[in-house]
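Worksheet: one structure, shown below.
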Amino acid sequence: MMAPYNQLEPEEVTHIKGLHEADPTYCQIKDRVGLPISTISSVLTEKTKKSKKPVGLPPKLFDRDTRHLICTTSEGQAKFSKMEADLELKCSAPLG
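Numbering (the numbering used here), first residue to last: 362 to 457.
Quick look at the structure:
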(Lines of atoms letter the chains of each structure in order from A and count residues from 1; the text may use other names and numbers.)
(Lines give C-alpha, C1' and ligand atoms only; values in the text may rest on other atoms or scores of the structure.)
Protein backbone atom coordinates (compact mmCIF):
# COMPACT_ATOMS: atom_id res chain seq x y z
CA MET A 1 0.00 0.00 0.00
CA MET A 2 1.30 3.44 -0.93
CA ALA A 3 1.86 6.17 1.66
CA PRO A 4 0.45 9.71 1.30
CA TYR A 5 1.76 12.08 -1.33
CA ASN A 6 5.55 12.56 -1.42
CA GLN A 7 6.24 9.85 1.15
CA LEU A 8 7.31 6.28 0.66
CA GLU A 9 7.45 3.59 3.28
CA PRO A 10 11.00 2.46 4.13
CA GLU A 11 10.10 -0.99 2.77
CA GLU A 12 9.18 0.55 -0.61
CA VAL A 13 12.47 2.46 -0.76
CA THR A 14 14.41 -0.70 0.12
CA HIS A 15 12.44 -2.67 -2.49
CA ILE A 16 13.24 -0.11 -5.21
CA LYS A 17 16.94 -0.06 -4.27
CA GLY A 18 17.02 -3.86 -4.22
CA LEU A 19 15.45 -4.06 -7.66
CA HIS A 20 17.94 -1.53 -8.96
CA GLU A 21 20.85 -3.64 -7.72
CA ALA A 22 19.54 -6.45 -9.91
CA ASP A 23 20.23 -4.09 -12.87
CA PRO A 24 16.77 -3.63 -14.40
CA THR A 25 15.88 -0.36 -16.08
CA TYR A 26 13.77 2.33 -14.46
CA CYS A 27 10.85 1.28 -16.70
CA GLN A 28 11.10 -2.31 -15.48
CA ILE A 29 11.16 -1.14 -11.85
CA LYS A 30 8.16 1.13 -12.57
CA ASP A 31 6.18 -1.82 -13.93
CA ARG A 32 7.03 -3.99 -10.91
CA VAL A 33 6.32 -1.49 -8.12
CA GLY A 34 3.62 0.63 -9.78
CA LEU A 35 5.26 4.00 -9.08
CA PRO A 36 6.16 6.77 -11.53
CA ILE A 37 9.65 6.87 -13.01
CA SER A 38 10.23 10.26 -11.37
CA THR A 39 9.69 8.71 -7.93
CA ILE A 40 12.03 5.84 -8.72
CA SER A 41 14.63 8.27 -10.01
CA SER A 42 14.43 10.42 -6.88
CA VAL A 43 14.86 7.36 -4.66
CA LEU A 44 17.90 6.15 -6.59
CA THR A 45 19.57 9.54 -7.06
CA GLU A 46 22.13 10.44 -4.42
CA LYS A 47 21.26 13.73 -2.77
CA THR A 48 24.32 15.93 -2.35
CA LYS A 49 24.08 19.63 -1.63
CA LYS A 50 27.72 20.31 -2.48
CA SER A 51 27.37 19.35 -6.14
CA LYS A 52 24.67 21.92 -6.90
CA LYS A 53 25.61 25.43 -7.90
CA PRO A 54 23.46 28.33 -6.72
CA VAL A 55 20.64 29.22 -9.07
CA GLY A 56 19.69 32.76 -9.96
CA LEU A 57 21.40 36.10 -9.78
CA PRO A 58 24.23 36.72 -7.34
CA PRO A 59 23.32 38.57 -4.14
CA LYS A 60 22.61 42.25 -4.65
CA LEU A 61 24.60 44.91 -2.83
CA PHE A 62 22.32 47.09 -0.78
CA ASP A 63 22.95 50.76 0.03
CA ARG A 64 24.33 49.85 3.44
CA ASP A 65 26.82 47.42 1.87
CA THR A 66 27.91 50.02 -0.66
CA ARG A 67 28.47 52.64 2.05
CA HIS A 68 30.46 50.13 4.10
CA LEU A 69 32.70 49.29 1.12
CA ILE A 70 33.30 52.95 0.33
CA CYS A 71 34.11 53.72 3.96
CA THR A 72 36.47 50.75 4.25
CA THR A 73 38.35 51.50 1.05
CA SER A 74 38.66 55.21 1.79
CA GLU A 75 40.04 54.43 5.25
CA GLY A 76 42.55 52.11 3.61
CA GLN A 77 43.65 54.88 1.24
CA ALA A 78 43.97 57.32 4.15
CA LYS A 79 46.04 54.84 6.16
CA PHE A 80 48.24 54.20 3.13
CA SER A 81 48.79 57.94 2.59
CA LYS A 82 49.54 58.52 6.29
CA MET A 83 52.02 55.64 6.40
CA GLU A 84 53.69 56.92 3.24
CA ALA A 85 54.06 60.41 4.76
CA ASP A 86 55.22 59.13 8.16
CA LEU A 87 57.92 56.96 6.62
CA GLU A 88 58.85 59.64 4.06
CA LEU A 89 58.65 57.09 1.27
CA LYS A 90 57.53 57.51 -2.28
CA CYS A 91 55.27 54.55 -2.98
CA SER A 92 52.96 53.82 -5.82
CA ALA A 93 49.27 54.10 -5.01
CA PRO A 94 47.45 50.84 -4.30
CA LEU A 95 45.20 49.45 -6.98
CA GLY A 96 41.60 50.46 -6.76
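Glycine included, every Cβ here is placed at the ideal spot set by N, Cα and C.
Which one of V416, G417 and K378 has the shortest CA to CA distance from V404?
Position 43 of the sequence shown, counting from 1, holds the residue named residue 404. Nearest neighbour of V404 by Cα position, chosen from V416, G417 and K378, turns out to be K378.
From the DSSP output, in three-state form, read off P365 for me.
Stepping through the sequence shown from its first residue, residue 365 is reached at position 4. The predicted model places P365 with a pLDDT of 49, which falls under 50 and marks its position as unreliable; any figure quoted below should be read in that light. Coil at P365, not helix or strand.
Among A446, E373 and Y387, nearest to S399 - alpha-carbon criterion:
What you label residue 399 is simply residue 38 of the sequence shown in a count that begins at 1. Shortest Cα-Cα distance from S399 to any of A446, E373 and Y387 involves Y387.
Provide the residue span of the alpha helix (DSSP H) that contains K391, from first to last.
As a working note, residue 391 is residue 30 in the sequence shown. Taken as a continuous stretch (DSSP letters only), the alpha helix (DSSP H) holding K391 covers Y387 to V394.
Closest residue to R406 among H381, R425, K421 and R393 (Cα-Cα distance)
Taking the sequence shown and counting its residues from 1, the one referred to as residue 406 is at position 45. The residue you asked about is not Arg; residue 406 is Thr in the sequence shown. Considering only alpha carbons, the answer is H381.
Answer with buried or exposed for I401, where buried requires no fewer than 16 other C-beta atoms within 10 angstroms of its C-beta.
As a first step, residue 401 is located in the sequence shown; it is residue number 40 there, counting from the start. I401 counts as buried, since at least 16 other C-beta atoms from the protein chains shown sit within 10 angstroms of its C-beta.
Alpha-carbon to alpha-carbon, P371 and P420
Residue 420 sits at position 59 when you count from the first residue of the sequence shown. Residue 371 sits at position 10 when you count from the first residue of the sequence shown. Distance between the alpha carbons of P420 and P371: 39 Å.
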